[in-house]
Amino acid sequence: MKFSKILIPTLKEPPTEAHTASHRLMLRAGMIRPLGAGIYTWLPLGLRVLRKVEAIVREEMDAAGAQEVLMPAVQPAELWRESGRWDHYGKELLRLTDRHDREFCFGPTHEEVITDLARRELKSYRQLPINFYQIQTKFRDEIRPRFGIMRGREFLMKDAYSFDMDEASLEESYRAMYEAYNRIFRRCGLRFRPVEADTGTIGGSFSHEFHVLAASGEDGIASCSQCDYAANLEKASSAPLPPLDFSDLPMRRVETPGKKTIQAVSEFLGMRVEALVKSLVVETPNGPFLLLLRGDHELNPIKAAAALGVAQVVIPDPARGAELTGGIPIGFLGPVGTTLPVVADEALAGLNGFACGANAADAHLTGVRWERDLPKPRYADLRTVLAGDPCPRCNGGQLSLDRGIEVGHVFKLGDKYSKSMGIVVLDQEGRERTPIMGCYGIGVSRIVAAAIEQNHDANGIIWPVALAPFEVEILLANPNEPEAVRTAETLYRELRARGLAVLLDDRDDRLGIKFKDADLLGCPVRLVAGGRALKEGKVEIQTRRGGDAVQAPLAEAVAVTLARLEGCDGRDGQEMSA
RNA sequence: CGGGGUGUGGCUCAGUCUGGUAGAGCACAGCGUUCGGGUCGCUGGGGUCGUGAGUUCGAAUCUCGCCACCCCGACCA
3 MKFSKILIPT LKEPPTEAHT ASHRLMLRAG MIRPLGAGIY TWLPLGLRVL
53 RKVEAIVREE MDAAGAQEVL MPAVQPAELW RESGRWDHYG KELLRLTDRH
103 DREFCFGPTH EEVITDLARR ELKSYRQLPI NFYQIQTKFR DEIRPRFGIM
153 RGREFLMKDA YSFDMDEASL EESYRAMYEA YNRIFRRCGL RFRPVEADTG
203 TIGGSFSHEF HVLAASGEDG IASCSQCDYA ANLEKASSAP LPPLDFSDLP
253 MRRVETPGKK TIQAVSEFLG MRVEALVKSL VVETPNGPFL LLLRGDHELN
303 PIKAAAALGV AQVVIPDPAR GAELTGGIPI GFLGPVGTTL PVVADEALAG
353 LNGFACGANA ADAHLTGVRW ERDLPKPRYA DLRTVLAGDP CPRCNGGQLS
403 LDRGIEVGHV FKLGDKYSKS MGIVVLDQEG RERTPIMGCY GIGVSRIVAA
453 AIEQNHDANG IIWPVALAPF EVEILLANPN EPEAVRTAET LYRELRARGL
503 AVLLDDRDDR LGIKFKDADL LGCPVRLVAG GRALKEGKVE IQTRRGGDAV
553 QAPLAEAVAV TLARLEGCDG RDGQEMSA
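In case it helps, the working numbering puts the first sequence at residues 3 to 580.
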């Protein structure tokens with residue numbers, strides 16, 4: 003492709019709304035343009051990358067035995083009423099009405115449609131196991147779309163749905179997808195990690211998320227230094243912490259005027275934060291609870307909700323909090339003598355001689371011991387793990403924390419949809435049975451943004467070879483010099499003959515502009531045809547990812563370029579998986 | 001939804017406080033110059049100042065309503 007014949011509207015300055023690297027760079031490199039909040043047009047350069055991701059996903063899904071289908075983007079409301087999600091999905095579901103006042107939605111996901119297909123077409127155990135996938139535009143009316151393509155409202159997603167007769171078979175289907183996902187992300191040249199995930203309110207037995215590791219990731223990931231354990235911070239747990247005993251003196255009341263925070267109390271009493279217990283009042287559908295955590299630990303609301311058996315826990319604002327505690331100000335709450343039901347984090351089981359609020363304004367208690375000063379509470383896992391916590395799986399491993407961008411999710415659904423929507427097949431004995439399902443998503447468009455988050459520098463994008471819109475960019479140093487033009491055209495032809503996608507910057511512009519744009523677009527290998535090198539009959543060849551520029555004789559240029567591309571691959575994809 | 005912010009040529013912004021002829025840089029078109037890291041100069045085209053109402057002799061500027069977008073908190077690929 004010649005630069006003069008393709009629309010690549012690069013920007014010297016990014017629009018103000020873009021703050022994250024991938025969003026800025028995609029706009030600056032002319033890959034995308036916004037049309038509204040969270041909706042984008044893919045321009046030729048961006049689309050080339052998107053198609054590359056799509057092709058990798060398609061190849062690996064096919065190889066894993068899944069069958070491609072394409073389901074409607076617009077779906078009738080009746081299906082969603084049948085599964086119960088028309089009322090429960092909430093405002094994220096974009097609802098439409100047709101000319102006959104019939105209700106539809108723009109599909110945010112396709113469990114209902116695939117289940118409907120399955121109940122019509124699947125009749126016998128002989129047809130199972132079976133796995134359907136599609137690569138489709140979805141729409142989720144996100145509360146707050148942000149980060150450009152990363153969290154758009156409209157996005158391209160690969161979703162797959164498996165149907166199996168029994169748990170053992172589902173396990174195999176799940177495993178096949180898990181492995182296909184590892185291959186997909188590895189082929190995309192991404193540094194990623196599969197992690198155990200919270201299954202959320204949908205339930206289901208088992209779930210893994212695939213995260214691209216990047217400092218700007220929205221999710222926290224804990225992983226073990228020694229074994230395979232890795233989990234979303236929402237779910238990650240720790241092995242029991244070593245017991246701590248700070249004092250065997252009698253419990254004592256201390257005046258602590260105005261010392262409301264753990265930090266302030268710790269300084270005032272001269273005690274480590276680990277020796278303090280913080281008491282949080284939370285509101286739930288089952289009423290208020292007092293939750294206890296070690297001073298340096300943070301509440302994990304998702305775990306808390308699970309432990310209390312409620313859909314959600316809400317941390318009230320101070321005014322409401324005081325109301326719930328009967329007037330005791332936040333900051334001085336404590337478990338001794340409280341009237342609220344108490345649940346303590348497991349880390350407190352081995353903690354004794356601690357300090358906590360006195361359940362009275364401007365006072366704390368020190369030297370508090372379980373059983374002596376207050377009854378043993380109910381214990382549950384309530385906290386978010388910290389770096390350095392002991393691994394829950396192995397002996398001696400420590401957890402470390404990373405940020406990740408969720409690009410894939412594999413999920414065992416069980417019979418949630420197959421039962422409610424009535425899929426029935428006959429088994430070997432001729433009995434009616436309900437198949438169980440798995441679902442498997444990949445954020446295809448999100449991968450493009452995630453790849454940039456992970457692969458860029460101050461000057462622009464640095465594409466992994468597998469995703470690059472062009473493997474090679476040739477800069478024509480001087481379009482008015484016949485010798486330079488001939489050289490560029492020759493290289494262009496020969497490299498394309500080797501099956502490479504090549505971008506030839508033939509614009510009538512200064513070389514400086516072409517260098518800047520080439521850095522921005524991030525093709526893995528860059529050649530300069532003409533200029534200094536050509537005076538010696540040579541071509542300049544450079545790798546975008548920090549390689550030194552070399553000069554090669556014209557006759558060797560293709561071979562050197564190919565070797566450089568090989569070198570790029572070596573530095574790219576890295577499986578961080580088990 | 002709650003809180004904060006911004007809307008002025010395609011982009012980045014000044015002008016708004018203190019009402020009085022709509023500006024700059026980049027981008028775009030033409031000419032010249034330069035030619036290995038966004039050269040320099042001249043000329044030119046392009047703006048209902050988000051939108052509706054109000055105040056005023058006069059509104060980008062003041063008042064009120066609305067809309068859009070961005071940023072910070074609870075969901076998800």
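For every residue, glycine included, the Cβ atom is placed at its ideal position computed from N, Cα and C.
- Cβ contact annotation for Ser-249 (same chain, cutoff 6 Å, sequence separation greater than five): Gly-355, Gly-369, in chain order.
- In this structure, DSSP gives Val-387 a state outside helix and strand, which the three-state scheme calls coil.
- Runs of the alpha helix (DSSP H) spanning 4 or more residues and lying entirely within the segment 431-515 occur at 446-456, 484-499, in chain order.
- Linking Ser-218 to Ile-264 through their CA atoms gives a straight-line distance of about 29 Å.
- According to the DSSP assignment, Asp-118 belongs to the alpha helix (DSSP H) that extends over 113-123.
- Distance from Pro-131 to Ser-171 at the Cβ level is roughly 5 Å; contact confirmed, criterion being Cβ atoms closer than 8 Å.
- With contacts defined by Cβ atoms closer than 8 Å, Tyr-419 and Thr-117 form a contacting pair.
- Note that the C-beta distance between Val-560 and Ile-543 is not below 8 Å.
- In this structure, the alpha-carbon of Thr-258 lies about 41 Å from that of Gly-406.
- The Cβ neighbour count for Lys-378, taken over all protein chains shown within 10 Å, is under 16; the residue is labelled exposed.
- Taking every protein chain shown into account, the CB of Pro-484 has fewer than 16 other CB atoms within 10 angstroms, so this residue is exposed.
- The segment 175-189 makes no contact with the segment 480-495; the number of CB pairs closer than 8 Å stays below 3.
- Apart from sequence neighbours up to five positions away, the residues of its chain that approach Gly-390 with a beta-carbon distance below 6 Å are Gln-400, ordered along the chain.
- The beta carbons of Ala-503 and Phe-472 sit closer together than 8 Å.
- Judged by DSSP secondary structure, Phe-165 falls within the beta strand (DSSP E) whose first and last residues are 156-166.
- The segment 255-290 is shown to contain whole alpha helix (DSSP H) runs of 4 or more residues at 264-271, in chain order.
- At the C-beta level, Ala-232 and Val-387 stay beyond 8 Å of one another.
- Just measuring C-alpha positions, the residue of Pro-394, Arg-433, Gly-48 sitting nearest Cys-229 is Pro-394.
- Annotation: the continuous beta strand (DSSP E) that includes Leu-529 extends over 527-531.
- In chain order, Ala-307, Leu-310, Val-312, Gln-314, Val-315, Val-316 place their CB closer than 8 Å to the CB of Thr-286, counting only its own chain and leaving out the 5 sequence neighbours on each side.
- Ranked by how close their Cα comes to the Cα of Ala-362, the residues Pro-147, Gly-329, Arg-374 have Gly-329 in first place.
- Ranking Met-167, Asp-168, Phe-141 by CA distance to the CA of Glu-156 puts Phe-141 first.
- By the criterion of a C-beta distance shorter than 6 Å, Met-73 is surrounded in its chain by His-112, Val-115, Gln-136, once the five residues flanking it on both sides are discounted.
- Residue environment: Val-530 is assigned as buried (16 or more neighbouring CB atoms within 10 Å of its CB, all protein chains considered).
- With a beta-carbon spacing of about 15 Å, Leu-335 and Arg-296 fall beyond the 8 Å limit used to define contacts.
- Arg-50 sits buried, since 16 or more C-beta atoms from the chains shown fall within 10 Å of its C-beta.
- DSSP, reduced to helix, strand and coil, places Ser-249 outside both helices and strands of the structure shown, so it counts as coil.
- Rounded to whole angstroms, the separation of the alpha carbons of Ala-31 and Ser-24 is 10 Å.
- The straight-line gap separating the alpha-carbon atoms of Arg-153 and Phe-194 is approximately 19 Å.
- Here Ala-468 is actually not in contact with Leu-478; their C-beta atoms are around 27 Å apart, not less than 8 Å.
- In this chain, Phe-413 is not harboured by any alpha helix (DSSP H); it is covered by the beta strand (DSSP E) spanning 401-416.
- The continuous stretches of alpha helix (DSSP H) do not include Phe-134, which lies in the beta strand (DSSP E) extending over residues 132-141.
- Taking a 10 Å sphere around the C-beta of Arg-101, we find fewer than 16 other C-beta atoms and assign the residue as exposed.
- Pro-303 is positioned such that its CB atom lies no closer than 8 Å to that of Leu-342.
- If one requires a minimum length of 3 residues, the beta strand (DSSP E) runs lying completely within the segment 169-243 are 193-198, 209-215, 221-226, 232-234, in chain order.
- Leaving aside the five residues that flank Gly-410 on each side, the residues in its chain whose CB is nearer than 6 Å to its CB run, in chain order, Tyr-183, Phe-212, Ile-444.
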